[in-house]
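A.B. asks:
Numbering (our numbering), first residue to last: 1 to 81.
1. Pick from 42, 68 and 26: whose alpha carbon is nearest that of residue 33?
2. Whose C-alpha, out of 27, 36, 21 and 69, is nearest the C-alpha of residue 12?
3. Under the three-state reduction of DSSP, which class applies to residue 38: helix, strand or coil?
4. DSSP on residue 79, reduced to helix/strand/coil?
5. Considering Cα atoms alone, identify which of 18, 40 and 38 is closest to residue 52.
Structure below.
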């Protein structure tokens, strides 16, 4: 996933990500503007969108989702809700 923020927090924000199969082939690409938001909220929204897209796929029951993020806080929040 990637996230772009301008200077300041909160600021205009957006995120995007890529779902790949076990061979690294791109299955889905996505991006979304979230308006004005703080960095951690934007990271959480990116993870949430990944879950929503993944679970909507017909192949989701046969695969698992690995989420990568550069936000330590978000990784902790998602790992230990």
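Where a beta carbon is used, it is the ideal one built from N, C-alpha and C, also for glycine.
All of these numbers come straight from a predicted model, not from anything done at the bench.
C.D. replies: Short version:
1. As a position in the chain shown, residue 33 is number 33, starting the count at 1. When each option's Cα is compared against that of residue 33, the closest is 42.
2. As a working mapping, residue 12 is identified with position 12 in the chain shown. Ranking the options by Cα distance to residue 12, first place goes to 36.
3. Translated into the one-based positions of the chain shown, residue 38 becomes position 38. Coil.
4. Here the question's residue 79 lines up with position 79 in the chain shown. Note: residue 79 maps to helix in three-state DSSP.
5. One-based indexing of the chain shown puts residue 52 at position 52. The residue with the shortest Cα to Cα distance from residue 52 is 18.
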